[in-house]
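In my numbering, the protein residues as written are 2 to 58.
Scroll down for the structure; my scribbles are underneath it.
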C-alpha cells in the first residue's frame with residue numbers, strides 16, 4: 002500500500018474518532034460502551050496503519 006493511502010486511512014480514522022467524540026455527549030450508557038469500544042478499535046487500527054507505513058519505508 003502506498004504512503005498516501007496510509008495517510009488517507011489514518012486521517013479517515015482520526016476523523017471518525019472526532020465525530021464519535023463530538024456525538025458522545027448525547028450517548029446513553031449502552032451507546033457509550035459501544036462508542037468507547039469503537040474508539041479504542043480505531044486507535045488500534047491507526048497504530049497498525051502507522052506500523053505498516055513505517056515498515057514499508
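Every residue, glycine too, gets a C-beta built ideally from N, C-alpha and C.
7 Å Cβ cutoff met for residue i and residue j
i, j, result
"residue 11", "residue 47", "yes"
"residue 50", "residue 7", "yes"
Cβ neighbours of residue i in the same chain (closer than 6 Å, five flanking residues each side left out)
i, result
"residue 57", "none"
Chain-order list of residues whose beta-carbon lies under 7 Å from that of residue i (same chain, five-residue window excluded)
i, result
"residue 36", "21, 25, 28"
"residue 14", "43, 46, 47"
8 Å Cβ shell around residue i - same chain, five flanking residues per side excluded
i, result
"residue 33", "25"
Answer yes if the segment 38-45 comes into contact with the segment 18-29, meaning at least three C-beta pairs across the two stretches below 8 Å, and no otherwise. yes
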